[in-house]
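Residue numbers (UniProt numbering): 1 to 146. Beta carbons are placed, not taken as given, at the ideal position from N, Cα and C, and that holds for glycine. The structure appears below as structure tokens.
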């Protein structure tokens, strides 16, 4: 009976520690996502570089794919000019050293001087590298019309 009780206590402890780490990781990822949102609005190239992996794959709903350098360049030069960005219905799932973030992006842009309102779905993949969460992939998609 002591053996079964000991196993039970160990299993409960592992679930407790995992839950705490998972919660801490979700909080850390949520903070990185918010920093990314603000860096995109501010066109802060240094911050965008700090948040993203050198191997970033940044997919647009149009099918266009950018690497880290092109993603940052388009934001910094104002070719992709975000006036406002809001993330709605965000979820974060931690899977090992990766985090999958999904949300709807609602934004006002001024690309090429033209005002535009957009609402698209986004999936972000973050990876913990050297204790820091880096964006390694992003894919936008058109939301179904209702």
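Two segments are said to touch when three or more pairs of C-beta atoms, one from each, lie closer than 8 Å; by this definition the segment 89–101 does not touch the segment 47–60. DSSP places residue 79 outside both helix and strand once states are collapsed to three, so it counts as coil. In terms of Cβ geometry, residue 120 and residue 82 do not form a close pair [threshold 8 Å]. Using a 10 angstroms sphere on the CB of residue 68, the tally of other CB atoms reaches 16 or more, which defines it as buried.
For residue 125, the closest alpha carbon among the candidates 113, 131, 66 and 138 is that of 138.
The DSSP-derived three-state label of residue 143 is coil. Taken atom to atom, the span from the alpha-carbon of residue 113 to that of residue 77 is near 12 Å.
Residue environment analysis places residue 143 among the exposed positions, since fewer than 16 neighbouring C-beta atoms fall within 10 angstroms of its C-beta. Between residue 51 and residue 27, the CB-CB gap reaches or exceeds 8 Å.
Apart from the 5 residues on each side of it in sequence, residue 72 sits with its Cβ closer than 7 Å to the Cβ of 45, 48 and 49 in its chain, given in chain order. For residue 45, the uninterrupted alpha helix (DSSP H) segment begins and ends at 45–51.
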